[in-house]
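Participant: Quick one: the structure is below, questions incoming.
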Amino acid sequence: MLSKLRNTFSGWFGKIIFGLILFAFSFFGIESYMVTRVDSGVAHIGDREITQQQFRQRFDEYRQQMLRQMGDQANASYFERPEIKRQFLDSLIDEQVVLAFNDKYGVRIPAKRMQDEISSIPVFQTDGHFDSAQYRALLAARGMSVASFEERVRQDLASRELPMQINSTSFVTEARIDNYLRLRDQLRDARVLKLDKPVPTDATIADTDIEKYYEAHKSEFMRPEQVAVDYVELDAPKLDVNLTPDDATLKERYEKEKSRFVASEQRLTSHILIKVSGKGGPEDQKSALAKAQALVSEARGGKDFAGLAKQSSDDLGSKAQGGDLGWLEKGLTDPAFDDALFAMKKGDISDPVLSSEGYHIIDLRDLRPGSTRSFEEVKPELTREYADSERERVYNETAGRLIDLTYQDPSSLESAAKELHLKVQKSELFGREDGTGIAANPKVAQAAFSDSVLVQGNNSDPVELGPNHVVVLRIATRKPTEVKPLAEVRTAIHDRMLAERVAAQAKSHADALFARLEKGETLEALAAEVKGKVDDQKGIGRQAATLDGALVQAIFAMPKPTAGKPDDKLVPLADDSYALVQLDKVADSDPAKLDATARESARTQLTQGQGNTAALEFVAALRKATEIKINEANM
Numbered sequence: 128m129l130s131k132l133r134n135t136f137s138g139w140f141g142k143i144i145f146g147l148i149l150f151a152f153s154f155f156g157i158e159s160y161m162v163t164r165v166d167s168g169v170a171h172i173g174d175r176e177i178t179q180q181q182f183r184q185r186f187d188e189y190r191q192q193m194l195r196q197m198g199d200q201a202n203a204s205y206f207e208r209p210e211i212k213r214q215f216l217d218s219l220i221d222e223q224v225v226l227a228f229n230d231k232y233g234v235r236i237p238a239k240r241m242q243d244e245i246s247s248i249p250v251f252q253t254d255g256h257f258d259s260a261q262y263r264a265l266l267a268a269r270g271m272s273v274a275s276f277e278e279r280v281r282q283d284l285a286s287r288e289l290p291m292q293i294n295s296t297s298f299v300t301e302a303r304i305d306n307y308l309r310l311r312d313q314l315r316d317a318r319v320l321k322l323d324k325p326v327p328t329d330a331t332i333a334d335t336d337i338e339k340y341y342e343a344h345k346s347e348f349m350r351p352e353q354v355a356v357d358y359v360e361l362d363a364p365k366l367d368v369n370l371t372p373d374d375a376t377l378k379e380r381y382e383k384e385k386s387r388f389v390a391s392e393q394r395l396t397s398h399i400l401i402k403v404s405g406k407g408g409p410e411d412q413k414s415a416l417a418k419a420q421a422l423v424s425e426a427r428g429g430k431d432f433a434g435l436a437k438q439s440s441d442d443l444g445s446k447a448q449g450g451d452l453g454w455l456e457k458g459l460t461d462p463a464f465d466d467a468l469f470a471m472k473k474g475d476i477s478d479p480v481l482s483s484e485g486y487h488i489i490d491l492r493d494l495r496p497g498s499t500r501s502f503e504e505v506k507p508e509l510t511r512e513y514a515d516s517e518r519e520r521v522y523n524e525t526a527g528r529l530i531d532l533t534y535q536d537p538s539s540l541e542s543a544a545k546e547l548h549l550k551v552q553k554s555e556l557f558g559r560e561d562g563t564g565i566a567a568n569p570k571v572a573q574a575a576f577s578d579s580v581l582v583q584g585n586n587s588d589p590v591e592l593g594p595n596h597v598v599v600l601r602i603a604t605r606k607p608t609e610v611k612p613l614a615e616v617r618t619a620i621h622d623r624m625l626a627e628r629v630a631a632q633a634k635s636h637a638d639a640l641f642a643r644l645e646k647g648e649t650l651e652a653l654a655a656e657v658k659g660k661v662d663d664q665k666g667i668g669r670q671a672a673t674l675d676g677a678l679v680q681a682i683f684a685m686p687k688p689t690a691g692k693p694d695d696k697l698v699p700l701a702d703d704s705y706a707l708v709q710l711d712k713v714a715d716s717d718p719a720k721l722d723a724t725a726r727e728s729a730r731t732q733l734t735q736g737q738g739n740t741a742a743l744e745f746v747a748a749l750r751k752a753t754e755i756k757i758n759e760a761n762m
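The structure is reproduced here in structure tokens:
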């Protein structure tokens, strides 16, 4: 079973965390193990702290999920860019300022809300119902306790609660909807004359001009500093490890972890909830109890319990399913509900059970007794786990020794490689951004060009290339920045100068024609001169697919024509070409012609946009009122 769980883990666990976490997202790097800092925090938000470990764990969850979504298009180096990490850190800071506000003003997430959130996660369900055994097994396979996962969910819900409530209070007026629709569906008539980029009549660039350009722009033709490195690589799958345990070892592990293989008693349960109406006073309590007792009598008298639940239950989450709560085990529900349920026999209908939600009527439909899987049943799982843990143990021991040895002798990798039976490998020359092979990993380039390695000549800190995969490197060859020789860049300079000449000609020609258009010459006359054609466009919408996007954007940025005189504009296009545009007519849409569905869709769009803005402004205000200190070096 555990093998099956692991095969599905990389997908479902990431999706759960990614779906749960609004503001952001298990990365325990070997770097954090061996680097000691006075302040290991990435950010301090008031009296709260985001530690390196917390940041790396959340960021790795986010990165892994995004890489899975990107598939073949995935580019892991993108997530090593400082600006991406900073954006993610900002989202974590937003989360913390909201949680601090919650603590100050007593915003809490009820246990049932958290339980409902977890129960709704598909991977924890069997046949559409929450399966507590599967829930616990999946978390155990991930090495996460129920308590820690539930706290993670609770915290996520808490960080979303106030922004969501603020978002939900947003509204828009009918007048604003009308104005939005008039502008959104506005149509414009325009005439367009595209000016082709001129073809150079003379593509000759004198050698003296190329040499002058080279001398004036030498800084643009620099060959970046390059290095080659020696490195020692430690990769867990390549380690020589004994992965065949004896039965005594496995039996010892089985006895220590026997609780993992115990399935708790489960009960297949339905219920009907009768909430206490009004202010919850004595009379309201009596009324709710009387209604619940009447339903108990009907259910015990033979009436279909599911039908009664659909008709009378106040629990919207289970009402449509006839009150079905699926298989429950102890500790998942309200204590009073729990006590009553586990005192019942199969087929019993309970008396009304009072909880904080109201009165419950419980139908115990079936039960599964607890059981313990034998050693022989779980032996294959234990063998696989042993292999994984043993490989990780050997890796951790070897990695720890590698760190010690490369720190003890920071001027060489040879002694560490000899003791650990590793090979010192060499890379090709690479720059800060153009590495190949192992240097294609941006972490390697970052380490190679760090002050400690490049300037001081030390071994690097361990560089993590992936899970249980590190390298330690040092500079083997250093080639400083230098100007590329003229012979190497002559063709590039020739092409650049020619392109600049053509661009200047195109701009000058377009400016001259536009000036004539402004003075009163017709677009048609100019088109005849340049052997072009005026494209008469009627009813252009904002999403027009028949025109260049830059043209559509420019046309809708032009002011309405006045006194019957068209408005003129010179629009730069791609590849140094231009277009002359005359805007003839602007026609606003008539909101009254739209049906109720279209209008309601516009209302929803505006309301959501306004609500999102209000929620973001709320978080921004909290940030402004909070002392925040960021240490980007610890990211």
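Here the sequence shown is numbered in this note's numbering, starting from 128 and rising by one per residue.
Note that the Cβ used here is the ideal one computed from N, Cα and C, for glycine as well.
Values in this document were obtained by computation on a predicted structure and should not be read as measured data.
What's the gap between the Cα of Ile399 and the Cα of Ser246?
Facilitator: 18 Å
Participant: Counting C-beta neighbours from all protein chains within 10 Å, is the total for Gln583 16 or more, i.e. buried, or is it exposed?
Facilitator: Taking every protein chain shown into account, the CB of Gln583 has fewer than 16 other CB atoms within 10 angstroms, so this residue is exposed.
Participant: Do Pro537 and Asn586 count as a contact pair if the criterion is CB distance below 8 Å?
Facilitator: yes
Participant: Going by alpha carbons, who is nearest to Leu443 out of Thr460, Glu484, Ala426?
Facilitator: Glu484
Participant: Tell me whether Asp243 is buried or exposed, calling it buried when 16 or more other Cβ atoms sit within 10 Å of its Cβ.
Facilitator: Per the 10 Å Cβ criterion, exposed.
Participant: Can you tell me where the beta strand (DSSP E) with Leu613 in it begins and where it stops?
Facilitator: Unbroken run through Leu613 is the alpha helix (DSSP H), 613-645; no beta strand (DSSP E).
Participant: Helix, strand or coil: how does DSSP classify Met685 here?
Facilitator: coil
Participant: Mind listing, in chain order, the continuous alpha helix (DSSP H) runs of no fewer than 4 residues lying wholly within the region 652-707?
Facilitator: 676-684
Participant: For a test of the three-state rule: what should DSSP assign to Thr163, helix, strand or coil?
Facilitator: The pLDDT assigned to Thr163 is 39, lower than 50, so where the model puts this residue is not dependable; a value taken from the coordinates is nonetheless given after this. Here Thr163 sits in coil by DSSP.
Participant: Could you compute how far the alpha carbon of Tyr522 sits from the alpha carbon of Ser346?
Facilitator: 47 Å
Participant: Among all the DSSP beta bridges, which residues are the ones paired with Ile236?
Facilitator: BP columns for Ile236 are empty, so no partner.
Participant: Residues in its own chain within less than 8 Å of Glu456 by CB, not counting five upstream and five downstream?
Facilitator: So the list reads Ser259, Ala260, Ser391, Glu392, Gln393, Arg394, once near-sequence residues are dropped.
Participant: Please name the residue, chosen from Leu226, Asp362, Met241, Ala375, that lies closest to Asp461 on a Cα-to-Cα basis.
Facilitator: Met241
Participant: Inspect the CB distances between the region 653-660 and the region 310-326 and report whether three or more fall short of 8 Å.
Facilitator: yes
Participant: So, are the CB atoms of Ala343 and Leu625 less than 8 Å apart?
Facilitator: no
Participant: Alpha carbon to alpha carbon, how far is Thr753 from Ile211? Give it in angstroms, no decimals.
Facilitator: C-alpha of Ile211 to C-alpha of Thr753: approximately 23 Å in a straight line.
Participant: I'd like the list of long-range same chain contacts for Asp715, defined as Cβ closer than 6 Å, with 5 residues on each side in sequence excluded.
Facilitator: Arg309, Gln313
Participant: Using the Cβ count rule (16 or more neighbours within 10 Å means buried), how would you classify Glu555?
Facilitator: exposed
Participant: Which residue's Cα is closest to the Cα of Met685: Gly429, Lys712, Leu435?
Facilitator: The residue with the shortest Cα to Cα distance from Met685 is Lys712.
Participant: In the DSSP output, which residue or residues are listed as bridge partners for Thr499?
Facilitator: Answer is Val389, bridged to Thr499.
Participant: Mind checking Lys257: buried by the 16 CB within 10 Å criterion, or exposed?
Facilitator: Looking at the sequence itself, residue 257 is Phe, so the reference to Lys does not match. That one is buried.
Participant: Curious, which full-length beta strand (DSSP E) runs of at least 3 residues does the region 479-557 contain?
Facilitator: 480-482, 485-495, 551-553
Participant: Assuming Glu763 is part of the beta strand (DSSP E), what are its boundary residues?
Facilitator: Past the boundaries of the shown model lies residue 763; the chain is included only from 128 to 762, so the question cannot be answered.
Participant: Determine the DSSP secondary structure at Val169, reduced to helix, strand or coil.
Facilitator: Correct three-state label for Val169: strand.
Participant: So, are the CB atoms of Phe745 and Ile293 less than 8 Å apart?
Facilitator: yes
Participant: Going by the beta-carbon positions, is the gap between Val551 and Glu541 smaller than 8 Å?
Facilitator: yes
Participant: If Asp441 sits next to Lys665, beta carbons under 8 Å apart, how far is it from one beta carbon to the other, in whole angstroms?
Facilitator: That pair is no contact at about 59 Å.
Participant: Tell me which residue opens and which closes the beta strand (DSSP E) that Gln353 is part of.
Facilitator: Counting along the chain, the beta strand (DSSP E) containing Gln353 begins and ends at 353-362.
Participant: Comparing the C-beta of Leu743 with each C-beta of chain B, is any distance below 8 Å?
Facilitator: Looking for chain B here will not work: only one protein chain is present.
Participant: Looking at Ala630: is its Cβ nearer than 8 Å to the Cβ of Asp703?
Facilitator: yes
Participant: Leaving out five residues before and five after Ser579 in sequence, what residues of the same chain have Cβ atoms less than 6 Å from its Cβ?
Facilitator: So the list reads Asn585, once near-sequence residues are dropped.
Participant: Using C-beta distances below 6 Å, list every residue in its chain close to Ala463, excluding the 5 sequence neighbours before and after it, in chain order.
Facilitator: Val480, Ser482
Participant: Taking C-alpha atoms, which residue in Ala419, Gly564, Val679, Pro290 lies nearest to Gln709?
Facilitator: Val679
Participant: Skipping 5 residues on each side, what residues in its chain have a beta carbon closer than 6 Å to that of Gly450?
Facilitator: Ser397, His398, Ile399, Ala436, Ser440
Participant: If you draw a straight line from the alpha carbon of Phe215 to that of Leu284, how long is it in whole angstroms?
Facilitator: For Phe215 and Leu284, the distance between alpha carbons rounds to 19 Å.
Participant: Just how far apart, CA to CA, sit Leu219 and Phe186?
Facilitator: 10 Å
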